[in-house]
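Numbering (the working numbering), first residue to last: 3 to 169.
C-beta atoms are modelled at their ideal positions from N, C-alpha and C, and glycine is treated no differently.
In what follows, a single structure is set out as structure tokens and then discussed.
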């Protein structure tokens with residue numbers, strides 16, 4: 003008798019349980035994030051302060067070429083303003099900022115790191131600030147406001163082009 007016939011004839015429920023367990027294992031590993039979310043920054047650290055400053059701007063409207071919480075921000079304006087509050091001077095554009103600091107593998111992402119994406123029909127560079135909790139803060143586009151979003155959401159994961167560390 004072959005093992006499969008033996009299994010079928012002896013106990014169908016055992017085979018079903020084993021099959022379902024293996025199927026569950028297969029799906030659970032396939033659904034896990036590719037990279038573990040980064041750990042948040044220690045309270046009182048520079049990275050923690052940068053993230054808190056960025057969070058304080060959530061809700062500010064998007065403004066093309068905006069550089070101020072009083073008038074609104076574009077993505078690089080938000081990053082510039084947040085880092086300037088902590089004594090850093092960065093280039094004005096997302097493309098310019100992308101050349102700053104050191105390249106960091108996504109799996110080594112930390113709070114305060116800058117995350118970059120290619121978005122829109124013109125394939126522009128977009129930038130946001132990683133929180134260290136699997137999210138990032140950015141100023142998305144006209145008609146929207148500064149917000150915190152899931153860094154590992156499909157939309158952003160497909161468009162991510164790099165991480166830079168300037169802290």
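query	result
Where residue 133 falls, given that 16 or more other Cβ within 10 Å makes a residue buried	buried
Burial state of residue 125, where buried means 16 or more other Cβ atoms lie within 10 Å	exposed
Alpha carbon of residue 106 to alpha carbon of residue 112, nearest angstrom	9 Å
Simplified DSSP assignment, three categories, for residue 154	coil
Residue 127 versus residue 77: straight-line alpha-carbon distance, rounded	10 Å
Alpha-carbon to alpha-carbon, residue 47 and residue 130	19 Å
Of the listed residues 74, 52 and 45, nearest to residue 115 (C-alpha basis)	52
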